[in-house]
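Written below as structure tokens is the structure these notes are about.
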């Protein structure tokens, strides 16, 4: 939900969800941008099947699932108003490069990073484009039983990078 909020979607937004997996972000984005289109890009065939089924089950008729590997699978897509990167299969810098070039001026790029390497790659890629993102570190813990008590067990922290494409930047119109 934090990443969806960071995208600042409108009813008519065109969205790319890169590394869509089961389609959960794409579906939620499609419900917010009901008058727009969400392109869910996933390289795993099983993930593609799940995303398509989940979109159908949730009535998200404006989700288009693309089976392909980013950044190559992004080449023919329409210019987005927002891009969410939830997975990169090691191509994060190239995906950010493609997203920055393709985004409409003022568009939003949101990247979730869970490994030290992806955090560094995201930081370096934004820096290469002279973009200073907002970075939020989210730490969540759940209570689990310990004898007759409850203790907290930490879940994987997530870095959320969010940035606007400068209105005077080169790339898509």
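In my numbering, the protein residues as written are 706 to 878.
For every residue, glycine included, the Cβ atom is placed at its ideal position computed from N, Cα and C.
Through-space distance from residue j to residue i, alpha-carbon basis
| i | j | result |
| --- | --- | --- |
| residue 769 | residue 831 | 27 Å |
| residue 800 | residue 725 | 14 Å |
| residue 846 | residue 855 | 12 Å |
| residue 714 | residue 728 | 17 Å |
| residue 850 | residue 859 | 13 Å |
| residue 871 | residue 739 | 26 Å |
| residue 718 | residue 853 | 49 Å |
| residue 814 | residue 712 | 7 Å |
Under 7 Å between C-beta atoms of residue i and residue j
| i | j | result |
| --- | --- | --- |
| residue 861 | residue 708 | no |
| residue 743 | residue 734 | yes |
| residue 746 | residue 787 | no |
message = Could you tell me which whole beta strand (DSSP E) segments of length 3 or greater appear in the stretch 717–765?
response = Entirely contained in the stretch 717–765, the beta strand (DSSP E) runs reaching 3 residues are, in chain order, 719–723 and 742–747.
task = Within the stretch 823–854, note down every full beta strand (DSSP E) run reaching 3 residues or more, in order along the chain.
result = For the stretch 823–854, the full-length beta strand (DSSP E) segments reaching 3 residues or more read 839–843 and 846–851 along the chain.
Three-pair Cβ contact test at 8 Å for the stretch 842–860 versus the stretch 794–809 = Not touching, per the Cβ criterion.
ask   = Taking only runs of the beta strand (DSSP E) that begin and end inside the stretch 794–819, which ones reach a length of at least 3 residues, in chain order?
value = Entirely contained in the stretch 794–819, the beta strand (DSSP E) runs reaching 3 residues are, in chain order, 813–818.
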